Structure formats: structure tokens, C-alpha cells
């Protein structure tokens, strides 16, 4: 697979000097090491998915492009047919502390690792980072409100209003964080921040399932998908 970026770095020595001050030292110092060395917190939480990345995908590369105001930066691992882009958070974005916790308080604790050092990740057959995707968790700012979910799923306004009412959440505070090509959708109530994750399928919004272990389910799903499994072959409700 090709990568369409000006700088493709396999080690710290490959990184342009002018970019170094814009990158977190944890990323810079570990490029060339195993995936789990670059993102240890994610790898500890999502152990199954991380193991698959290290076994089945190539060595991580840091890819860069200088933008008008900041550097675009990604960690990329590759297979023969796909690129897996991790959208790195800018160095000035807090990765710990009160501000980070406040912005991610709606998430199950372990899911915060999807947004600490990077802004989720997407699999693509393109040579560049996709702005939109499905089958892996959305970027933080790209999570879907119910209006957007209606457009894609064919659900009606009445259905989405009843869905929010059944969960006990204001309609505008219920967001979809993952949507697969099989129409499996994971929702979080961002009003109450109770860390519950709700699974529904497409427009079947009356059939709501609360994941008993959001970390285990998502880790198993990501391991399945990143090992080449089809989303349709994964059962989000197998722990029922």
C-alpha cells in the first residue's frame, strides 16, 4: 500500500527538525518501536486489538504533512491492501488532567484511550487519511447525533424520539460513536454520563441492548475486524 504524504518516518532521525517541536515526545521517541511502545495505554486497555495490530500489520510509521498552521501527523500501520491511520492529537492538546477528563466524561473509562494520543483510527484502501469512516469508532467531533443517524439508517423522527425517551436522555445528547457496514450502532448517553453503551441495529431502535462490558466487547470486535473479519460476522450481543 502506498502512503501519499511528503514525510514517511521510520525512526526519529527521519523526522524533519522543524516538525519535532510540534510532536509529543512519547510519539517521537518511540517511532521505530513496536505499536505497544508507541501507544502503551491503548495497548493495555485494548490488548486483543493491539496484539492483532502487532501480529498482522506492519511496523508503525509516522507520516507528516506541513499545513498552514500546524503539522498533520498520523501513525500508520499497513497490510498488503489496507492502511490503518491513527490521527494523532496535536502536541498542545491535553492528554491528562481535568480538561481531558471533562471532555471525555461520557465515555467508559477504558474508551478514553481511543482519544488520548490520537483521535480514533480508520481503515482505508486509500493512500491518505479518510475524514469519514465506519467500522471503527468515529473521530470525537464526527460522532453522530440522531438527526445524522436518521439520514443514514432510514429511521424516522418518531423512532429516534422514542429511542431517546426509552433510554431517558434528551434527544440532542444521545450520540452514536460507532457504526458498522452491518448497521450495528453503539450509542452513549452524553447527558447523564453513566458510561453505559447501547447497541441497536439500523432502524430497529425498539430493540436496545446494554453492553455488559463495553471494553471487552469493543476490544473483541476491533480484534475481529482488524484481523480481516467482516462486521456482519461479529455478534455484539454474544455476552447476553
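In my numbering, the protein residues as written are 8 to 247.
C-beta atoms are modelled at their ideal positions from N, C-alpha and C, and glycine is treated no differently.
Note that the coordinates shown come from a computational prediction; the quantities given were computed from them, not determined experimentally.
For residue 234, same chain residues with a beta-carbon under 7 angstroms away, outside a window of 5 residues either side, are 59, 63 in chain order. If you check the CB distance, residue 90 and residue 83 come in under 8 angstroms. Counting C-beta pairs closer than 8 angstroms gives fewer than three between the region 124-136 and the region 201-218, which falls short of the contact rule. For residue 64, DSSP assigns no beta-bridge partner whatsoever. By the criterion of at least three beta-carbon pairs nearer than 8 angstroms, the region 107-121 is not in contact with the region 70-85. Residue environment analysis places residue 37 among the buried positions, since at least 16 neighbouring C-beta atoms fall within 10 angstroms of its C-beta. Burial state of residue 68 is buried, judged by a 10 Å Cβ sphere holding 16 or more other Cβ atoms. Excluding residues up to 5 positions away in sequence, 226 lie with their Cβ nearer than 8 angstroms to the Cβ of residue 54 in the same chain. The DSSP assignment places 191-196, 204-208, 211-217 as complete runs of the beta strand (DSSP E) inside the region 185-230, in order along the chain (cut-off: 3 residues). Between the alpha carbons of residue 136 and residue 34 lies a gap of roughly 18 angstroms. Under the criterion of beta carbons closer than 8 angstroms, residue 153 and residue 185 do not qualify as touching, at roughly 15 angstroms. Look at residue 167 here: in three-state DSSP terms it is helix. When the Cα atoms are used, residue 47 and residue 41 turn out to be separated by approximately 10 angstroms.
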